[in-house]
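> Position one of the sequence shown corresponds to residue 590 (this note's numbering), numbered consecutively onward.
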Amino acid sequence: MGTVLVFAEQTNGKLKRSSIELLQAAAKSGNKVVAAVFGSHAGDVTAAAGQNGAAEVYTVKDGALDQYNPELFTANMVSVIENVKPSILLASASSTGKDLFPRVAARLGAGIASDCTELNISGDNVVATKPLYSGKCFAKTSFENCSLKIVLMRANQLPVAPADAGKSATVTDHAAAKPDLKTLIKEIVKGTSEKLDLTEANVIVSGGRGLKEAANFKVLNDLADVLGATVGASRAVVDAGWVSHGMQVGQTGKTVAPSLYIAVGISGAIQHLAGMSGSKVIVAINNDANAPIFQKATYGIVGDALEIVPKLTEEFKKA
Ligand code: FAD
590 MGTVLVFAEQ
600 TNGKLKRSSI
610 ELLQAAAKSG
620 NKVVAAVFGS
630 HAGDVTAAAG
640 QNGAAEVYTV
650 KDGALDQYNP
660 ELFTANMVSV
670 IENVKPSILL
680 ASASSTGKDL
690 FPRVAARLGA
700 GIASDCTELN
710 ISGDNVVATK
720 PLYSGKCFAK
730 TSFENCSLKI
740 VLMRANQLPV
750 APADAGKSAT
760 VTDHAAAKPD
770 LKTLIKEIVK
780 GTSEKLDLTE
790 ANVIVSGGRG
800 LKEAANFKVL
810 NDLADVLGAT
820 VGASRAVVDA
830 GWVSHGMQVG
840 QTGKTVAPSL
850 YIAVGISGAI
860 QHLAGMSGSK
870 VIVAINNDAN
880 APIFQKATYG
890 IVGDALEIVP
900 KLTEEFKKA
C-alpha cells in the first residue's frame, strides 16, 4: 500500500467540492490518504478531510498562505511532500493547481498530467485520461520511472458520496517554510460576483451574442439566481465588452464540467465546446434550429431566448 497525498483547497475554512472528489477517489484506491491544507483556516477543515477519506491531515497554518504566491506555495508543498513521501499526488486543475504543480514537479523531478477527466489508481500506479485538441480525442497517461506521479483533475469529474461522520484523521501541524521571496503580491482585486467560480459550479447559465446586448444578461442573472447557478459567457460577448473575461467559457477561457449547462444564444463554435462539452446535461436555447450547439445538447429549445428564459425563470420559481 502506498500513500496518496491530496492537496486540499479550502475557502474560508470550507473544503472545496473538487478536493472532496479527490479525497474520496484516493480513499477508494485502498492507499493511505494524506491531505495537505494551507492557510490560517487549515485547522477548520481537518474534520471534513477525515470524513471524506483522509487518514492524516498536514496543516500548514501560516497566514502568508491565505493567498496564493507561487514561490511560497512551491516551497511549502515540496516541504510537505518530502515529509509525507507519497507515490501519488492528486490536486485540482484549478488556477492555483495549474500554476503550482508544474513548479513542484520540476523541483522534484516528478511526472505530471494536468487537466485530467478520468482517474484510475491501482496500488502505486495511476492512469489518467486527458482531453486533447479541444476535446476531439482523449489520451490515457501513465507514468514510468517516476517516484512521484502528480495528477491534476478537472472539477466535477469524480463522484461525491455523503461524508462519513464516523471517520476522522490524525492531524500534523507542519511548520511553514519561509523562503526568501523574489516576488511580492501587493494586492488581490476580487471579482464582483459572490457566486461560485465557474470551474467549481454545478449549474451554469451561459450567454452569447444571441442575447443581443449587454443589458439582456439580466434575464440570465435572474434565471441563475433561481437555479443557484453561476453565469458564464461566450468569447464573442466578452470581446464585445458585455461581461468580464473571468466569465468566458471555452478554449481561451475556463474549462467547466457542471451537472447542468444552459447555453443561451450561443452558436456552439468548436472553441466554446472545448470548454463545456464535459458538462453532464447540456440545454441549448437558440432561435436557429441548425445551430451547431444542438448537436451537443441533451435538450434543445428553438426560439427567442429573450422570451424563453424569463418563462423558464417563472416556472423554476414555482418549483
Ligand atoms: P455567435 O456565433 O454569433 O452565435 C450567436 C447565436 O445566437 C447564433 O447561433 C444565433 O442563432 C443565436 N441567436 C441569435 N438571436 C437569438 C435569439 N433572439 N434567441 C436565441 N438565440 C439567438 N469562443 C468562446 O466562446 N470561448 C472561447 O474560449 C473561444 N476561444 C477562441 C479561440 C480562438 C483561437 C478563436 C479563433 C476563437 C475562439 N472563440 C471562443 C470564438 C468562437 O469561434 C466563436 O466566435 C464564439 O464562440 C461565438 O460566440 P457566440 O456563440 O456567442 O456568437
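Here a beta-carbon is modelled for each residue, glycine too, at the ideal position from N, C-alpha and C. This one's a predicted model, so the numbers in the text were calculated from it and none came from an experiment.
Hey, could you find the ends of the beta strand (DSSP E) T759 is sitting in?
Here the beta strand (DSSP E) through T759 covers T759 to D762.
> Beta carbon of Q884: closer than 7 Å to some heavy atom of the ligand FAD?
No, Cβ of Q884 sits at least 7 Å from all heavy atoms of the ligand FAD.
> Just the C-alpha distance for G854 and N665, rounded to the nearest angstrom, thanks.
Going by the C-alpha atoms only, they are around 45 Å apart.
> What distance in whole Å lies between the Cβ atoms of E733 and A717, which are believed to be in contact at a cut-off of 8 Å?
Contact flag wrong, Cβ pair sits at about 14 Å.
> State yes or no: is the C-beta of R696 nearer than 7 Å to some heavy atom of the ligand FAD?
False, no ligand heavy atom lies under 7 Å from that Cβ.
> Near G819, which residues of its chain fall below 6 Å by C-beta distance, leaving aside the five closest residues on each side in sequence?
For clarity, residue 819 is Thr in the given sequence; the question names Gly instead. Cβ within range, chain order: K784, L785, L787, A790 and I793.
> Ignore the nearest five residues each way along the sequence and tell me which others in A852's own chain have a CB closer than 6 Å to its CB.
S795, A873 and I882, listed in sequence order.
> Between which residues of its own chain and F690 is the CB-CB distance below 7 Å, once the five residues before and five after are set aside?
Same-chain partners within the cutoff: A680, I701, I739 and L741.
> Taking the DSSP output, what are the residues bridged to N573?
Only positions 590 to 908 of the chain appear in the structure, and residue 573 is not among them; the question remains open.
> Based on Cα-Cα distance, which residue from G591, L661 and S607 lies nearest to A597?
Per the Cα distances, S607.
> Apply the 10 Å Cβ neighbour rule to F627 and answer buried if 16 or more other Cβ atoms are within range, or exposed otherwise.
So F627 counts as buried.
> When DSSP labels each residue in this structure, what does I739 get in the three-state scheme?
I739 falls in the strand class under three-state DSSP.
> When DSSP builds the beta bridges, which residues end up paired with F732?
Beta-bridge pairing links F732 to no other residue.
> Can you give, in chain order, each stretch of the beta strand (DSSP E) that sits fully within the stretch 822-859 and has at least 3 residues?
As far as the stretch 822-859 is concerned, its whole beta strand (DSSP E) runs of at least 3 residues are 849-853.
> Between T902 and chain C, is there a C-beta pair that is closer than 8 Å?
No chain C is part of this structure, which consists of one protein chain only.
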